[in-house]
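Reviewing the structure listed below.
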Amino acid sequence: MDSTFIIAIIASISVSAIMHIVDRQAKISLKFKLVGGVSSILAASAMMGWYAMSGVAKIEEGVDTISAYQVPLTEIVSEVSRHLFEQKLVFEQFYHNKNHDSGERIKKITTDINGQIVVAKKASLQWASSVQDSVEKKQAGEVSDQLEMLQANYEKFAKIIEMATKDIEGGLPDLEDKIKTVEREGDKITTTLNNLSKALSTQLNTSMRDLKNHEKETQSGVSALMIFFILFGLSTLWIIAKASIGLVAAIQSFSGELFNTSRQVSSASLEIANAGQKMAESSSQQASSLEETSASLEELTGMVDSNVEHAEQSHGISDDVKMVAHQGNESITKLIDSMKQILASNDRIQELVKVISEIGEKTAIIDEIVFQTKLLSFNASVEAERAGEHGRGFAVVAQEVGNLAQVSGKAALEISSIVKESIANAEQITSENKRNVESGNKLVTETAFLLNQIEESSARSSDYSKQILEASKEQAAGIRQINDAISQVDRATQSNASSSNETASASEELHAQATSLEDIVTRLIALVNGDAPATTSPTHNSSLHSTTKNNNGRPSLNSLHSTTTSLKTTTSGKHTATHHMTSPAATGSKTIKTLSAKGITLPPTSSESSSTEDQWEKL
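Just so we're aligned, residue 177 is where the sequence shown starts under our numbering, counting upward by one.
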């Protein structure tokens, strides 16, 4: 048996071992076992088909190699041997008869043999490149090498026989040696052809023998796989049957646990009903306290409204104060500007006084110069008169000096006019300063008046603030009343909290039992359907009408799952309502009615059923 057959056997044994291991695992679902068994059978069938197809493919490959290369090469070698033998006979006839037709025949045979050798060589190369087996590739290479040798030997033989043919046609004597050479070379080619024919025959026989071996291996492998396939199928059916028997036993055990859990759920629901009655009494006391709190809140609301009204009035007064203060600020700003103008006017007056003082000094000097000049001009005129004709020129000078004195006097008059004008300007500036000061005094008076108004507005704002304080005291009294009412609410709340704890404890127990019941049903469904439980509706109303009974009067699998889902939803709602201080007085009885509406008859008290782990081990 080859490696492929061994691998197929090992794979089949491995799959069988895996199925037995799966059978021993309790947590693997029946669905998985069924799907796995069918899939394994299909896999084994596919493996058997693959093995048969691979064997047929090998046989077809061998047949293709024989028909495409080995048989054609054998035929070509035989044809070359026949043509070579024919060429020898024709050459011998040509040697004795010297017939021209025989010479042409020899050339034609040479051409045919060369063509056949080329075809054979090409086929051997294709054979060597197409095969994958190393042994067969080596054999194809040997055939190719022998064809190379045959081609070289025949080319040499063809040249010798061609030369011998020409010598015979030329009538040359002493041709015995050349004839012997032709015979010797022809024998070599014959030997090469015989060896090549034997090699091809040996390879053909080997290929045929390999084909027969492949056929036998394929037949035996398919037979063995058929046996394993039958055994594997029987093993799978045995596992499925065993799992079905275990499933029935597990369902019976789970049913007992379901009814015991339902009894515990009923007991817990009664405890929830009693705790709900206590909570209802506490809620009544709490309602009375809340009424007192509501009355106090109404009084507090009235006081708050009064405070809001006073606050609005205070806000309006504050706006008035703000406006008055703004006007006072503007008046003060104007006063500051007037004072700045007065200061600027005083600066200008000081500058004018300084200029006037300087002008006065300059005027005094000019007057002195004018006086001295006039005196000098007078003296010069007198001396010129005395001198007579000789003093005439000096008289002209004296006249000019007198003219200068007259001009200077005129300038002095102009300067005096300027001084008067400056004095007038100074008086005007002084008048303006006086008016500015009077305006500033008026603005100061207005500012004082506005400040008085601000003071009065502040006094009124203080009165309103006092009223707000009194209202706040009344609010404090109302808040104390609210605190008293809240104290009563707190005591009632504490009482409700105590009852809520009892209710919560019973509710948690009920919730746990419902969860356990659902878990049992879920495990039962998972045993049949796999890891994903069957889809059931969690809606309470729909579950009330989905319950059906089997022949023994017990609920069916889907109805039990719907019942547990409804119980879990109901208990979760009770648990939430308990912490929100709602009255669950009727909830316990509602749960009992729900169980009765579903057609579930609670059994009498009995001992707890045994653990389900044994049932899982059986599966």
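Glycine included, C-beta positions come from ideal geometry on N, C-alpha and C.
Through-space distance from residue j to residue i, alpha-carbon basis
i	j	result
residue 266	residue 318	32 Å
residue 663	residue 468	12 Å
residue 482	residue 654	14 Å
residue 294	residue 249	11 Å
residue 260	residue 380	24 Å
residue 300	residue 320	5 Å
residue 361	residue 254	18 Å
residue 270	residue 373	29 Å
residue 290	residue 385	33 Å
residue 772	residue 691	With a pLDDT of 47 at residue 772, under the threshold of 50, the predicted position of this residue should be treated as unreliable, and no value is reported.
residue 695	residue 429	14 Å
residue 478	residue 672	33 Å
residue 410	residue 403	11 Å
residue 796	residue 393	Only positions 177 to 795 of the chain appear in this structure, which leaves residue 796 out of reach.
residue 407	residue 382	37 Å
residue 524	residue 518	10 Å
residue 531	residue 597	12 Å
residue 646	residue 520	57 Å
residue 251	residue 262	16 Å
residue 599	residue 543	20 Å
residue 679	residue 643	53 Å
residue 619	residue 511	6 Å
residue 344	residue 302	42 Å
residue 337	residue 306	37 Å
residue 455	residue 433	33 Å
residue 475	residue 633	32 Å
residue 693	residue 415	29 Å
residue 559	residue 546	20 Å
residue 315	residue 292	20 Å
residue 296	residue 256	10 Å
residue 539	residue 513	39 Å
residue 226	residue 219	10 Å
residue 377	residue 298	19 Å
residue 637	residue 615	33 Å
Closer than 6 Å: residue i CB and nearest the ligand FAD heavy atom
i	result
residue 500	Ligands are entirely absent from the displayed structure, and the ligand FAD is therefore not among its contents.
Taking contact to mean 3 or more Cβ pairs, one atom from each stretch, closer than 8 Å, check whether the segment 356-369 and the segment 323-331 are in contact.
The segment 356-369 vs the segment 323-331: in contact.
Quick check: the segment 581-593 against the segment 562-573, are there 3 or more CB pairs under 8 Å?
no
Whole alpha helix (DSSP H) runs in the segment 252-295 with 4 or more residues, listed along the chain?
none
Check whether the segment 547-555 and the segment 572-579 are in contact - that is, three or more C-beta pairs closer than 8 Å.
Yes, the segment 547-555 is in contact with the segment 572-579.
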